[in-house]
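Numbering (the numbering used here), first residue to last: 140 to 1350.
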């Protein structure tokens, strides 16, 4: 797209050129639009082009295509229900099209449009999926760009270049304020109004932005001053804190140097004591193994003795149970025999009672049969009497009905005689009055029908427009709510994502910082003795071979067990593993020569450890495992691990430890997961202890921290992508909301106008309907009344004589009917009394029969019950016999089993005596070994107490050492090596401590310090300066927008006033020419408000006085609107006009006038008219014929004027 440069639409000279431009329509290409499925091209020439064809052929679809390509969005204007309806929907012979495409080609030879090309093509395409695209010269553009391209040219969606019947009617029938649109477009101020609206929207946004800026600026002004004071206080605090840090670290380093020397001395004492303890422990282990073997034999014998005794008890209990069962069964046999004898006696008694019941039943059967025969005779008599009563009742009711009818007839005849006499007297004068009123109602009905039809048409148009506006408004509201929800959701999601990222960033920095600290400690062997550091450093340099490393570096342990293993190892964590004794000797010699301390070495060739073998450990309460089993190491170091940890048990807590040690006889160490110890011999070590800087699991923790930091970085990277996406979605939603708000404001204005007009039309319609309904009801009543009056006037006297004769005959018949009714009533009373007597006798007999039947049924039930009892007794006797046989067999089986168990009990007694003797022998051997064990245990306990005392003292010294290192980290996050670099030599320790106290006092005196105030003050100060500049820029922008709006309003007022005056003058002239006389004028409803005032139309055709435009006929209203349209074209000629049957309402004479006047405007405007009127076709230069040879498919034919004249016979 290449735009012209240097064009300013507000320039008056350029506006003049614009109005005189030649934007001729040169071509229209349609494909898939409505009834044009095939690609169809129309070429337009200067002058008048007429598109003709029969109704339903699709010629108006050409006008719809032009409207659509110029940006029309109203489906009602396009004569559809939804936008998809413009796509060809298919026929029985053709499939539906997938899209609709229309392209308009406009001449641009004089460069009126801002494109460097002789022709400008505008196209629009819509797919069934709902996707739509606009193009100008093949380049994709927005709908807004199409609207702006044709603004103030008369072309476009809202211009006056495309006029249909509905638009012509609107000019006259619409309210004065609704006529402004076409006049504004004609006056050339549409673009100014659009720009002013844009400027007003920008002004509102600028004022809202300025309000927010001022609020933020006021808040920042209140913060700058306090933050400045806090920042100065924070700087003073940092100066004092830095001096305090250096001095405190220097004092701690001096203390650590003294503690290291004392720890080396304590380690030497521990080595000697541990060797003595290990020798005594070996003696104790040998004695314990022998005792354990004897205990195992004793336990096995005890188990066998217990098992034999249990077997004997079980057999004796089974014998006792069998004896009891046999006694119970014998008692059951005796009871069953007695029951069988009782059943026999009962059966004999039942046979004797059965005979008496049968005799009583036969007696009742005979009595019931006799009474049933008597009852049937009574029923026959009841039926005969009821039939007689029914016949008499029907006869009496017939007499009563005839009497009522005759009375009613008598009353009617009396009334008719009176009415006939009155009608004869007054019918003459009423007939004349009724005829006069009917004539008046007919005349009023003609006028009312014309007004109702006009109001109905206006109301339908108004309702359609209002429905369209409401639908558009609702759609926009839904769209805005959707965008608001999307914006809120994206905003909340964006905040949450940013918080997540900040938290992850903080976590990652913490992980990396801690990993760096542990790495420094690992590299510098922090926490190890100086002698160990020396040996390892010499081995790394290659000066000492055969060194594998400290024990803590060669094993791995899970975090849950780390503290327990560290406590279990104690100082042994720093023992150095070497390949053989030669390597150990070389290392000892190097330590001795360098005077760097002592160390314990563990040669792989000599160190072989023992492990706990107690089988009951695994089932002990709280037992976690043997310490050696809870660590991981290379297989070559398993002997070392077994030596150090093989005889140490790890348990859950101190209670479990005490119980386990007591059960073992305090033979080995027990360590809890939280570091409490029960030593061999029974001493206990516990409380709080500082861990030796985590040297056992430090490397593992470093890898874990780095992995966690990397995971945080990966998650932050993913969050950055999400944040960017959500930010873009939020910006898009906010921009869409601003666009929808503008469209909603326009839709709201349209709705208010439509609702006001609809209320007015509904009120007028209701009034007209009410008047018409009243007149209709009155007319029908008068016609009926007139017929009655005329009939009454002709035959009133004859009717009176006839009615009198009928009245006498009715009186005679009524007397005869009354006598017959009285006779039937007397006979009916006699029959009813006889029926009542028969009913009483029958009811008494039925009650006696029911009583006899009930007694007979009771006797039959008793007989059946006795039979059931006999069957049950016989079955029970049979079951008891079967049970007796089974019980006798069971008793025999139990006695045999009891004899077998008695023999087994005697055998078990012999086995128990043998095993008891062997167990006594084992107990004698164990007593001798226990005496030896007691003496060894006393010596081991003495050595263990000394070892525990030395280890506890070393642990206390190491705890103090580690506590200082921990405080360094807790206070300043520095390692010992980093602290040594920062420390200064302390010459006078008391003076240094006094200075440290002074610094702490000064820091305390500062009170609460906001260290973030320094950075926050810089940020707030910078932001305050920036926002102050932004506020000044926003105020300047607001002032410029106010000046722009004022200038645009002034230009609009001037341009509209000038052009409206010209249009009004032209309208007076054109009206006189088209109507052959008369007067007409246009005026502003409110001349003081030029830009918002409605437009009034005054017309006076020749020979008529018109007070309201609605008093004109439909053809006259259309001709007035055409006159206004022609007046507009004379002031601002549109480059081309498409007229869709706007002359349809004119008669033939006025059609000719219309077509001739159209010809006079062809020098400045190109006309394309869709018509079926002869007068318009005669003036056309080119004719296009639209046919529908194939159902549902329009075809186009271009014919010259000569051919049309020949076919239509036009001269």
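Where is the CB? At the ideal position from N, CA and C, for every residue including glycine.
When the cut-off is 7 Å and only beta carbons count, does residue 849 lie next to chain B?
Of the protein chains in the structure, only one exists, and it is not chain B.
Opposing strand residues paired with residue 1279 [DSSP bridges]
The residue you call residue 1279 lines up with position 1140 of the chain shown. Beta-bridge pairing links residue 1279 to 303, 1309.
Inter-residue spacing [alpha-carbon to alpha-carbon] between residue 877 and residue 175
By 1-based counting over the chain shown, the position of residue 877 is 738. By 1-based counting over the chain shown, the position of residue 175 is 36. Going by the C-alpha atoms only, they are around 38 Å apart.
Taking its Cβ as the centre, do 16 or more other Cβ atoms sit within 10 Å of residue 1336, making it buried, or is it exposed?
Working through the chain shown from its first residue, we reach residue 1336 at position 1197. With fewer than 16 Cβ atoms within 10 Å of its Cβ, residue 1336 is classed as exposed.
Ordered along the chain, which non-local residues of its own chain (more than five positions away) have a Cβ less than 7 Å from that of residue 468?
Residue 468 sits at position 329 when you count from the first residue of the chain shown. Here the set comprises 1026, 1029, 1030.
Assigned secondary structure, residue 742 (DSSP; H/G/I helix, E/B strand, else coil):
For the purposes of this step, residue 742 is identified with residue 603 of the chain shown, where counting begins at 1. The answer is strand: DSSP assigns residue 742 an E or B state.
For the alpha helix (DSSP H) containing residue 164, list its first residue and its last residue.
The count along the chain shown starts at 1 and reaches residue 164 at position 25. Element bounds for residue 164: not the alpha helix (DSSP H) but the beta strand (DSSP E), 164-170.
Reference residue 262; option with closest CA among 251, 279, 250, 248
Locating residue 262 in the chain shown gives position 123, counting from the first residue. Ranking the options by Cα distance to residue 262, first place goes to 279.
Who does residue 263 pair with in a DSSP beta bridge?
Position 124 of the chain shown, counted from the first residue, corresponds to residue 263. Answer is 241, 273, bridged to residue 263.
Which of helix, strand or coil DSSP assigns to residue 1235
By one-based count along the chain shown, residue 1235 stands at place 1096. In this structure, residue 1235 counts as strand in the three-state DSSP scheme.
Could you give the DSSP three-state label for residue 1082: helix, strand or coil?
Working through the chain shown from its first residue, we reach residue 1082 at position 943. Helix.
Runs of alpha helix (DSSP H) wholly within the region 316-380 (minimum 4 residues, chain order):
319-326
Which one or two residues does DSSP pair with residue 695 in a beta bridge?
If you number the chain shown from 1, residue 695 lands on position 556. In the DSSP output, where bridge partners are listed per residue, residue 695 has 771.
Of all the options 1234, 1218, 1103, which has the alpha carbon lying nearest to the alpha carbon of residue 1225?
Numbered from 1 along the chain shown, position 1086 holds the residue referred to as residue 1225. It is 1234.
Would you report the Cα separation of residue 542 and residue 922, rounded to the nearest angstrom?
Residue mapping note: residue 542 aligns to position 403 of the chain shown, counting from 1. Residue mapping note: residue 922 aligns to position 783 of the chain shown, counting from 1. One C-alpha to the other measures close to 38 Å.
Measuring CB atoms only, is the region 1311-1330 touching the region 217-236, in the sense that at least three cross pairs come out at less than 8 Å?
yes
Starting from residue 800 and walking both ways along the alpha helix (DSSP H), at which residues does that stretch end?
Mapped onto the chain shown, residue 800 falls at position 661. Element bounds for residue 800: 793-803.
I need the DSSP call for residue 687, collapsed to helix, strand or coil.
Taking the first residue of the chain shown as 1, we reach residue 687 at position 548. Residue state, collapsed to three classes: strand.
Along the chain, where does the alpha helix (DSSP H) containing residue 729 start, and where does it finish?
Position 590 of the chain shown, counted from the first residue, corresponds to residue 729. It spans 720-733 - the alpha helix (DSSP H) in which residue 729 sits, taken as one unbroken run.
Contacts around residue 482, its chain only, beta-carbon distance under 7 Å, and the 5 residues preceding and following it disregarded:
In the chain shown, counting from the first residue as 1, residue 482 sits at position 343. Cβ neighbours of residue 482 beyond the five flanking positions: 1012, 1015, 1016.
Does the distance from the CB of residue 1267 to the CB of residue 1202 come in under 7 Å?
To locate residue 1267, count along the chain shown from 1; it is residue 1128. To locate residue 1202, count along the chain shown from 1; it is residue 1063. Yes.
Mind checking whether residue 718 and residue 683 have CB atoms under 7 Å apart?
Indexing the chain shown from 1 puts residue 718 at position 579. Indexing the chain shown from 1 puts residue 683 at position 544. The answer is no: Cβ separation not under 7 Å.
Please state if the CB of residue 722 and the CB of residue 670 are separated by a distance shorter than 7 Å.
Locating residue 670 in the chain shown gives position 531, counting from the first residue. Locating residue 722 in the chain shown gives position 583, counting from the first residue. The answer is no: Cβ separation not under 7 Å.
Status (buried if at least 16 other CB within 10 Å, exposed otherwise) for residue 391
Looking up residue 391 in the chain shown gives position 252. Under this definition residue 391 is a buried residue.
Quick check: what's the CA-CA separation for residue 697 versus residue 706?
Looking up residue 697 in the chain shown gives position 558. Looking up residue 706 in the chain shown gives position 567. Cα to Cα, the separation comes out at about 14 Å.
Skipping 5 residues on each side, what residues in its chain have a beta carbon closer than 7 Å to that of residue 1087?
Indexing the chain shown from 1 puts residue 1087 at position 948. 818, 822, 824, listed in sequence order.
Pull up the distance between the alpha-carbon of residue 1162 and that of residue 369, whole angstroms please.
Walking along the chain shown from the start, residue 1162 turns up at place 1023. Walking along the chain shown from the start, residue 369 turns up at place 230. Cα to Cα, residue 1162 sits roughly 18 Å from residue 369.
Just to confirm my understanding: we take residue 1295, look at its own chain, exclude 5 residues before and 5 after, and list those with CB closer than 8 Å. What are they?
Position 1156 of the chain shown, counted from the first residue, corresponds to residue 1295. Cβ neighbours of residue 1295 beyond the five flanking positions: 1318.
Under 8 Å Cβ to Cβ from residue 1223, same chain only, skipping five residues before and after it: list those, please.
In the chain shown, the residue the question calls residue 1223 occupies position 1084. Hits under 8 Å: 1199, 1229, 1232, 1233, 1234, 1235.
If contact is defined by three or more beta carbon pairs under 8 Å, each pair taking one atom from either stretch, is the region 517-533 in contact with the region 970-984?
yes
Under 7 Å, do residue 643 and residue 851 count as touching if we go by C-beta distance?
Position 504 of the chain shown, counting from 1, holds the residue named residue 643. Position 712 of the chain shown, counting from 1, holds the residue named residue 851. Yes.
Whole angstroms are fine: how far does the CA of residue 217 sit from the CA of residue 1334?
The residue given as residue 1334 occupies position 1195 in the chain shown. The residue given as residue 217 occupies position 78 in the chain shown. The straight-line gap from Cα to Cα measures roughly 20 Å.
From what residue to what residue does the beta strand (DSSP E) around residue 1259 run?
For this step, residue 1259 is matched to residue 1120 along the chain shown. Counting along the chain, residue 1259 falls outside any beta strand (DSSP E), though it belongs to the alpha helix (DSSP H) covering 1253-1270.
How far does the alpha helix (DSSP H) with residue 672 in it extend, from its first residue to its last?
The residue you call residue 672 lines up with position 533 of the chain shown. Looking at the DSSP string, the run of the alpha helix (DSSP H) that includes residue 672 is 669-680.
Would you tell me roughly how many angstroms separate the C-alpha atoms of residue 264 and residue 163, rounded to the nearest one?
Translated into the one-based positions of the chain shown, residue 264 becomes position 125. Translated into the one-based positions of the chain shown, residue 163 becomes position 24. Roughly 23 Å between the two C-alpha positions.
Just verifying my parser: in three-state terms, what is the DSSP assignment at residue 1328?
In the chain shown, counting from the first residue as 1, residue 1328 sits at position 1189. Looking at residue 1328 - three-state DSSP - the assignment turns out to be strand.
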